[in-house]
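First comes the structure, then the notes that go with it.
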Amino acid sequence: MKRKSFILVLYFGCFLTLTGCWSQKELTDLAIISAMGIDLTENGEYASTLQIINPSNVAGGLQGGGAGQGPPVSIYTATGSSIIEMNQRASKKLPRRRYYAHTNVLVIGEELARKEGITGILDAIERHQEFRMTAVIIIAHGVKASDLLKVLTPVDKIPANKIIKNLRFTEEQWGEVFTLNLQDVKKDMTAVGKSPVISGFSIEGDPVQGSKMENVQTSDPETTLSATGLAIFKEGKLVDWIDGKTARGTVLILDKIKNTGISFDWKDKKDVGTFQVIRMNSKNIATMKKGKPKITVEVKAEGYLSEIRTAVNLTDPKILIEMEDTIEKTIKEEILLAVEEGKKVKSDIFGFGQVFHQNHPKEWQKLKAEWHDVHFPELTVDVNVEVYIRRTGLRNNPSVLKQ
Amino acid sequence: MPSFFKRRQITKQKMKQKKEEQTKQKIGDYGTTPLPSSLKEKIDFIKSETGNSFDVIIRKADLDEKLGIETAVVYIDGISNTQIINDFLIHSIIKNRELHRKQPNKDIFEIVREEVVALGDVKVLPNWKEVFQMLMAGETVVLIDGETRALGASTRGGEQRSIEEPGSQVTVRGPRDGFTESIGTNIALIRRRIQNPNLWVEVMKVGRVTKTDVSIMYINGIAKEEIVAEVRERLNRIEIDSILESGYIEELIEDESYTTFPTLYYTERPDMVAGNLLEGRVAILVNGTPFVLIAPTVFIQFFQSVEDYYGRAFLATSLRFLRVLIFFISIIAPASYIAGTTFHQEMIPTQLLIAIAAQRETVPFPAFIEALIMEVSFEILREAGVRMPRAVGSAISIVGALVIGQAAVQAGIVSPAMVIIVAITAIANFATPSFAVAISARIIRFLFMIAAATFGFYGIILGLVVLAIHLTSLRSFGVPYVTPLAPMIPKDLGDTVFRLPLWSLKTRPALISSEQSQTRVGGDQHPKPDSSKKMVPKKQKGEQE
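These protein sequences, in sequence, are chains A and B. For the first sequence, this note's numbering gives the first residue as 16, with consecutive numbering after it. For the second sequence, this note's numbering gives the first residue as 397, with consecutive numbering after it.
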């Protein structure tokens, strides 16, 4: 009995001394950082921008009455020669303890991404106990990360939230950009046969005006943030931006499109029909032909016709089949556009190399070393698209037909 | 010098002993002192012993005027049935005067016992101890001149509370009767439910001064003999002045005093007692209280309600799960709030964290102090609500709702989130089916709050580990407290957090009921009403409607 109780005491002694999460921190002592931006200054130092939430200005609480009066976020900046050092330096200006566990957005300035790349930055963030690897990463397109984070946004009061939701719903409903978190980026960067593509965000309007409260107090905000384009990386550095159909083609090959509208031409009339995708998936198949690598991109798309602005008899199945062919061609064009762009900058953003690695491991050993620079640009890419028109929306023939 | 003190100590002890002896005599421990033969002496003794109490009624009646044989009927007004005494004792004595002359061979005492006293239960009382015992229980004592024995006739009665619906355990479906303060009524309520000669009742007097009737009830053959013997022994061991409620007994016979968890179940419902007796448990009834103790008790019983067995099995099972959840909410809800907001902010979704942070912005206290203030003020409010006279009770709720619910939040002393947490905890606490465990959870909650304030969720987990260890260490009359979970008894798991259909609960709880007969349900009782399918004939092919 005595022995038993001694062991019990010993156990609990260990429990109490071996704790990891010891430090207590009151909520009112925390500066909750919603987003962090990193730029490169003119003299080659880093500049970080911390977007800190003012809780009482966000939530419509009973007390305080401050909701909507002050800005929902405050910006603090600091410069330094290393990421962690400069962030700690920011605490000179901050009344509270910096808290990174809710930092959901990391913004990288374009200049930094081009000149220095993101590899070093990710290392510091990965090592940090509080920073989450599920935070979304974006590249400031044509602007500084600090300017991007200063812009106040209506509807979603916290700009970081607006960025995340913006990305998510654009991905779901249109598909030119997609959500990518730090973990995904890290995976892409460590893989040999794939380079990361990261969504970009830009400011529409005047950045200075955007940081003022007036920006959210009008029905037509002067300055807004919008998702624009995808940044292509090569060896950790930004090399090119793609936009529009090229960007959608890229997202399509990456199999991340859930829902989108594809405009197609019909009998010499440009963009008169829209095919609304409800299900779409793509698959990359790698084959070796006489020692030469070949990729077949197979796309299957199902959907309905959501718009027809020309006289066409949709009750005729033959016409629908013909229409499917047209849409297939349109999709194929988009994909090839994206592939061409990737080949131009010599960066395999589609992960074709990974497919070879998985299916032809032996041959991959030979291809591996010069994949991005030699083999990928010479790669033969076949595209097979299958389109199924399941419905024609809530009506059959367009009213144009009756005239 | 030391010897001097020693002597003084001895004399002190002696004095104490003497005093104790005196008080023992005084409080009516007469031993086997026989009765004197003279009626006058007997009456005088009773009068002096009861201090000429107003409610001790002594009615003299001549049995034979010529021979000078007198009798006296002694009873206590209020606890005996005067109607019966008048009709069947006094009236009978007067009517049967000089009866003994017709039977000269027979003893007068025997004649009175056999022919005069027209009542069912008549006892011969050989000494003062038994005379007083009968008298104080509401029976009537008949004293006869020249006899050293007395007669005791059962005339218990007097005003009693009628059988009402139990206030502490209300059900929607189920019997509406509850126990009363009278042990006789309570035994009858149980016996009416189990009409079997094997339902055995043992009665004993406990309490040196109060002489309270305590009875053990069990079903012979179903109850485990060791447990019955253990209960009997523990009750016999009790030596205390008074037993005023079953809580006295509970505290004196329980296995472990230093715990917040009750190791004996108490109930006001006869159907619950009957159900437990049929599982092999022992009921302990105490005169003067409607609460009956049940032993042995296991922890899971506190999450069960009698209604579980009256309603459908699916609902009962889901309700039991809900009750376990409720128990956990009522012990760790405020603790989790403290841990979440002061240690593990990363675990709270961002939006929620901002909402909580905004509320806490104006609160001047740390989360733990805030929680403590709210919990304590709620406890004060609850205590006030329970103890206040009913007429003023509603004022408390208004003041409480205004002061704590609204004003404190508007003043920025506490955050609305905290009010929600306290409210949820309180409601969860009220929803616990057993009041005994609800009280236990009330105390433990504060310990968990302290653990959470010092170590965060780690502290809560640590607390739960300690709680689990503590629960498994408890026993109730030798039966481990968390049976059938630890030790695991697979066949008993059907009636724990689950309540499987009655036909599938084939045996009684293993550790509690007797090993000889544990079968509860005979054969395959799963209802399969095949015949009813034929009641509606199948339609023939081609037949038209």
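Glycine included, C-beta positions come from ideal geometry on N, C-alpha and C.
- Contact of Ala787 (chain B) with chain A by beta-carbon distance below 7 Å is absent, the smallest such distance being about 34 Å.
- Within chain B, the residues Arg756, Glu757 have their CB atoms less than 7 Å from the CB of Thr43 (chain A), given in chain order.
- By the rule that beta-carbons nearer than 9 Å mark a contact, Ile336 (chain A) does not touch chain B.
- Segment contact: the stretch 625–637 of chain B against the stretch 526–537 of chain B, fewer than three CB-CB distances shorter than 8 Å; contact not assigned.
- Per the Cβ contact rule, the stretch 326–346 of chain A is not in contact with the stretch 362–374 of chain A (fewer than 3 Cβ pairs under 8 Å).
- When Cβ-Cβ separations below 9 Å define contact, Pro876 (chain B) makes no contact with chain A.
- With a threshold of 16 other beta carbon atoms within 10 Å, Ser653 (chain B) falls short and is exposed.
- The DSSP-derived three-state label of Gly288 (chain A) is strand.
- Near chain B, meaning a CB-to-CB distance below 9 Å, the residues of the stretch 136–165 of chain A are Glu145, Arg147.
- In the three-state reduction of the DSSP assignment, Gln806 (chain B) falls in the helix class, which pools H, G and I.
- Taking all protein chains in view, the Cβ of Ala787 (chain B) is surrounded by fewer than 16 other Cβ atoms within 10 Å, so the residue is classified as exposed.
- For Tyr733 (chain B), the number of other beta carbons within 10 angstroms of its own is at least 16, and it is reported as buried.
- Among the CB atoms of chain A, none fall inside 9 Å of the CB of Gly603 (chain B).
- Looking only at B:Ser449, B:Glu461, B:Glu466, B:Lys929, the smallest Cα-Cα distance to Ser433 (chain B) is reached by B:Glu466.
- In this structure, the straight-line span from the alpha carbon of Glu100 (chain A) to that of Ile794 (chain B) is close to 56 Å.
- Per DSSP, the continuous alpha helix (DSSP H) segment holding Pro376 (chain A) begins and ends at 376–383.
- Residues of the same chain with a CB within less than 6 Å of the CB of Thr428 (chain B), apart from the 5 flanking positions on each side, are Asn523 in chain order.
- In the structure shown, Leu901 (chain B) falls within a coil segment according to DSSP collapsed to helix, strand and coil.
- Interface annotation, Phe21 (chain A): not in contact with chain B, CB-CB separation never under 9 Å.
- Rounded to the nearest whole angstrom, the CA to CA distance from Arg552 (chain B) to Thr655 (chain B) is 40 Å.
- Under the three-state reduction of DSSP output, Asp704 (chain B) falls in the helix class.
- In this structure Trp899 (chain B) is exposed. Its beta-carbon is surrounded by fewer than 16 other beta-carbon atoms within 10 angstroms.
- The beta carbons of Asn196 (chain A) and Val151 (chain A) sit about 5 Å from each other, so the pair counts as a contact at 8 Å.
- The shortest CA-to-CA distance from Met532 (chain B) to any of B:Asp451, B:Ala824, B:Val893, B:Val878 is the one to B:Asp451.
- Proximity of the stretch 555–564 of chain B to the stretch 477–496 of chain B falls short of the contact definition, fewer than three beta-carbon pairs being nearer than 8 Å.
- With a minimum length of 3 residues, the unbroken runs of beta strand (DSSP E) contained wholly in the stretch 70–120 of chain A fall at 88–95, 112–114.
- Glu401 (chain A) is positioned such that its CB atom lies no closer than 9 Å to that of Glu322 (chain A).
- In this structure, Leu269 (chain A) lies near Phe193 (chain A), with their beta-carbon atoms less than 9 Å apart.
- Of all residues in the stretch 388–407 of chain A, none is placed with a Cβ closer than 7 Å to any Cβ belonging to chain B.
- The C-beta of Gln39 (chain A) comes closer than 9 Å to at least one C-beta of chain B.
- Interface flag for Ser49 (chain A) against chain B is set, since a Cβ pair is found closer than 9 Å.
- Taking a C-beta distance under 9 Å as the contact criterion, Val893 (chain B) and Thr713 (chain B) qualify as a contact pair.
- Proximity of Ile816 (chain B) to chain A, defined by a Cβ-Cβ separation below 9 Å, is not satisfied.
- Taken through DSSP and simplified to helix, strand or coil, Ala155 (chain A) comes out as strand.
- Rounded to whole angstroms, Ala822 (chain B) and Val602 (chain B) show a C-alpha spacing of 38 Å.
- Assignment of beta-bridge partners to Tyr403 (chain A) by DSSP yields A:Glu317.
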